[in-house]
Structure formats: C-alpha cells, structure tokens
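Participant:
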Amino acid sequence: MVCCGRMGPMCVPVFSVMDELEPTYPQVTFRDQDFDIPAADFIRNLPECALFRGLPFTVYFKNGKVVAATSSIQNKDQVMEILDNEFGKQS
67 MVCCGRMGPM
77 CVPVFSVMDE
87 LEPTYPQVTF
97 RDQDFDIPAA
107 DFIRNLPECA
117 LFRGLPFTVY
127 FKNGKVVAAT
137 SSIQNKDQVM
147 EILDNEFGKQ
157 S
C-alpha cells in the first residue's frame with residue numbers, strides 16, 4: 067500500500083489511518099511518499115490514477131500488480147474494506 071501525497075489536510079488523515087492499521091495487517095507493507103518528487107512519477111502515471119484529481123493517491127499492490135487505487139481522503143473503514151478484500155480479513 068502506497069499513499070502518495072503532501073502533509074496537508076486531505077493526506078494527513080490517511081497517513082494516520084495507515085499508522086493505526088499497520089500492526090493489524092502484518093502481511094501488508096505500508097509506505098508513504100511525497101507527491102512532489104520525481105520518484106512519485108511512477109504513482110502519478112499509473113493508468114489507475116489517470117483520472118484522479120484529489121490527493122492523496124493511495125495505491126494497493128499485490129504481487130506487483132495494482133489491485134485497488136483511491137484518491138482523496140479515505141477513512142479507516144474505507145481503507146480496511148480494501149485491505150480485507152484484497153489481503154484477507156483481520157480479526
């Protein structure tokens with residue numbers, strides 16, 4: 067799971083959700099990335115992100131493939147739904 071954004075009001079809540087959920091999903095690697103650096107071109111240029119307008123871009127990879135992608139603020143329940151569907155439900 068990569069969250070690509072800025073330290074702004076739409077991104078910080080998603081970063082916080084990631085920090086909170088990381089211990090619950092040991093099979094998932096959580097990463098954040100600054101949106102405004104050249105390395106973020108990879109995320110910005112993904113076909114799954116082509117129509118995104120709001121930050122952050124959050125991309126979920128499984129075995130090197132994009133399995134889900136969202137833009138803008140996501141709450142804990144929304145993130146957990148994707149994680150549970152794609153990586154297995156946690157107890």
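Here the sequence shown stands for residues 67 to 157, where the numbers follow the numbering used here.
We put the beta carbon where it would ideally sit given N, CA and C, even for glycine.
In this text the structure is predicted, and so the values were computed from the model without any measurement.
1) If I measure Cβ to Cβ from Met197 and keep anything under 8 Å in the same chain, skipping five residues before and after, which residues do I get?
2) Restricting to runs no shorter than 4 residues, where is the alpha helix (DSSP H) found entirely within the region 104 to 138?
3) List the whole-angstrom C-beta distance separating Asp100 from Met84, where the pair is believed to meet the contact cut-off of C-beta under 8 Å.
4) Of the choices Glu114, Gln93, Lys155 and Phe108, whose alpha-carbon is the least far from that of Ala135?
5) Pick out whichever of Val133, Gln144, Gly71 and Asp143 has its Cα sitting closest to the Cα of Glu152.
6) Can you give me the Cβ contacts of Phe127 inside the same chain, cut-off strictly under 8 Å, excluding the 5 residues immediately before and after it?
7) Return helix, strand or coil for Gln93, following the three-state DSSP convention.
8) In this structure, how does DSSP classify Gln99 when only helix, strand and coil are distinguished?
Facilitator: Concretely, from the data shown:
1) With the chain represented from 67 up to 157, any question about residue 197 goes unanswered, as that position is not in the structure.
2) Counting only runs of at least 4 residues, the region 104 to 138 fully encloses the following alpha helix (DSSP H) elements, listed from N- to C-terminal order: 107 to 110.
3) The Cβ separation is near 15 Å, so there is no contact.
4) Of Glu114, Gln93, Lys155 and Phe108, the residue nearest in Cα terms is Glu114.
5) The shortest C-alpha separation from Glu152 is found at Val133.
6) Setting aside the 5 residues that flank it on each side, Phe127 is surrounded in the same chain by Met67, Val68 and Val133, each with a C-beta closer than 8 Å to its C-beta; the list follows chain order.
7) Coil.
8) If DSSP states are grouped into helix, strand and coil, Gln99 belongs with the strands.
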